[in-house]
Amino acid sequence: MSDKLKIGIIGLGAIGTVHSNAYAANNNDCEITAICDIDETRLASHGERLNVKNRFTDYRELLKSDVDAVSICVWNNLHCEMAVAAFKEGKHVLLEKPMALNATQGEEIVKAAEASGKVLQIGMVWRQHKESQLVRKIIQDGMLGDIYHIRAVLTRRRGIPGLGGWFTTKARSGGGPLIDLGVHWLDISMYLSGLWNPTSVSATTYDMFTSNMKSYNFTSMWAGPPKYDGVSDVEDFATGFVRFGKKATLNFDISWAANLEEERFIQLIGTKGGVKLLHGQPVKVLTEINGQIVDVLPQFACEDEWFNRQKRLFLSACRGECAPAATGREGLVVMKVLDAIYESSRQGKEVVIS
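According to my numbering, the residues represented by the sequence shown are 43 to 396, in order.
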């Protein structure tokens with residue numbers, strides 16, 4: 043395909059704006075030709091900013107236009123409906139994370155994508171971070187040996203987004219920090235290690251802050267001020283343990299709000315070395331060379347902004363030049379782990395991942 047790909051964006055909130063900016067950075071390969079949002083004021087503002095005349099308040103009308111591909115950047119509960127509709131209209135889809143509310147919806151999306159023959163890429167943008175790309179190459183080259191344990195930590199002290207809004211309304215979001223933040227950390231853990239066969243989960247989720255909205259103390263709140271007349275029925279902390287058969291294990295701590303120091307990292311432990319990344323410090327490989335225990339500090343060139351790279355790879359996949367950067371099947375595995383975590387917490391025991 044020699045012409046620029048025509049892109050439609052459904053949902054023009056914070057993440058939709060990020061998508062539009064990233065497509066603009068790849069404007070040699072694509073052009074945003076249609077946008078959609080239920081907020082007409084926002085739609086008009088973005089239309090002027092992006093110089094897009096085709097503006098819709100109904101996503102079905104956008105899908106009937108001549109766009110080649112769409113980014114879906116809406117509430118989680120609409121992902122399945124919109125993605126399936128897009129595939130039926132013959133569009134490629136970049137679907138923001140999480141891919142759906144649960145694995146059942148995820149399976150429906152994957153089947154629709156495969157039946158259409160179009161590209162499905164899940165918005166797992168942390169894969170495109172320069173440190174993730176570096177560590178993945180290190181692991182693929184065998185420097186860490188066999189990965190047998192992973193630690194995944196992403197904790198906020200007071201970071202509930204838009205308390206009382208859609209983030210904290212389970213019917214729209216599917217859950218709290220686990221499905222919002224943990225989805226990235228579970229995905230990146232499996233992406234880096236190559237461990238895509240999780241077998242069981244033992245986990246617990248807690249709701250210590252979200253249900254008591256008016257007593258929640260905070261210094262700032264992303265995604266808008268509190269809506270005390272709204273809904274808050276999701277967890278604010280999740281912790282657990284994932285088995286990959288007898289080969290490897292993963293433990294995780296994910297929070298929006300907890301009385302702890304804020305931390306963010308992925309740590310992989312292998313038979314030949316270990317590494318910690320995405321924690322705000324230089325990547326360091328702990329290993330042995332010639333019988334000596336050493337620390338290796340890899341050097342790497344700074345790549346372009348990760349959302350820009352994500353869009354570039356999506357456009358290449360749409361052109362048939364490469365596989366999607368985060369496949370629907372991989373997204374489905376992540377959804378199965380999320381489902382098992384919530385179910386394990388509900389039952390109070392270990393749950394087998396189907």
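Note that the Cβ used here is the ideal one computed from N, Cα and C, for glycine as well.
This structure is a prediction, so every number in the text was calculated from the model and none was measured.
Residue j beta carbon less than 8 Å from that of residue i
i    : j    : result
L162 : P366 : yes
D110 : C364 : no
G50  : I80  : no
C122 : Q147 : yes
I311 : A194 : no
W298 : I383 : no
W208 : W117 : yes
I395 : V376 : no
G165 : L137 : yes
S235 : I181 : yes
A64  : F349 : yes
R306 : L196 : yes
Collapsed DSSP secondary structure at residue i in the structure displayed
i    : result
M43  : Legend: pLDDT at M43 = 42, less than 50; position of this residue unreliable, value from coordinates given subsequently. Reduced to three states, the DSSP call for M43 is coil.
A299 : strand
L205 : coil
E277 : coil
V60  : helix
V109 : coil
Y258 : coil
T211 : coil
D229 : helix
Beta-bridge pairing of residue i - partner residues as DSSP gives them
i    : result
C78  : I52, F98
E305 : T197
Q323 : Partner(s): none; Q323 has no beta bridge.
C72  : L47
T247 : A280
G409 : What the structure shows of the chain is the stretch from 43 to 396, and residue 409 is not part of that stretch, so it cannot be assessed.
F286 : A290
L186 : DSSP output for L186 lists no bridge partner at all.
Own chain, CB closer than 8 Å to residue i, minus 5 neighbours either side, in chain order
i    : result
R371 : V152
Same chain, Cβ closer than 6 Å to residue i, five either side skipped, listed in chain order
i    : result
V317 : V177, L310, V327
G53  : C115, V116
L186 : G312, K314, G315
L319 : E173, V177, I308, V325
Residues near residue i in its chain [Cβ-Cβ closer than 7 Å; skip 5 each side]
i    : result
H61  : I51, S113, C115
A213 : N119
Near the ligand ZN: residue i beta-carbon under 7 Å from a heavy atom
i   : result
R91 : Absence of the ligand ZN is noted for the structure shown, with no ligands found whatsoever.
If contact is defined by three or more beta carbon pairs under 8 Å, each pair taking one atom from either stretch, is the region 325-336 in contact with the region 113-130?
The answer is no - the region 325-336 does not touch the region 113-130, with fewer than three Cβ pairs under 8 Å.
Examine the Cβ distances between the region 272-288 and the region 243-259 and report whether three or more of them are shorter than 8 Å.
Yes, the region 272-288 is in contact with the region 243-259.
Across the region 233-244 and the region 284-301, are there enough close Cβ pairs to call them in contact, namely three or more that are closer than 8 Å?
Three or more Cβ pairs drawn from the region 233-244 and the region 284-301 lie within less than 8 Å of each other, which places the two stretches in contact.
Across the region 168-185 and the region 385-393, are there enough close Cβ pairs to call them in contact, namely three or more that are closer than 8 Å?
No, the region 168-185 is not in contact with the region 385-393.
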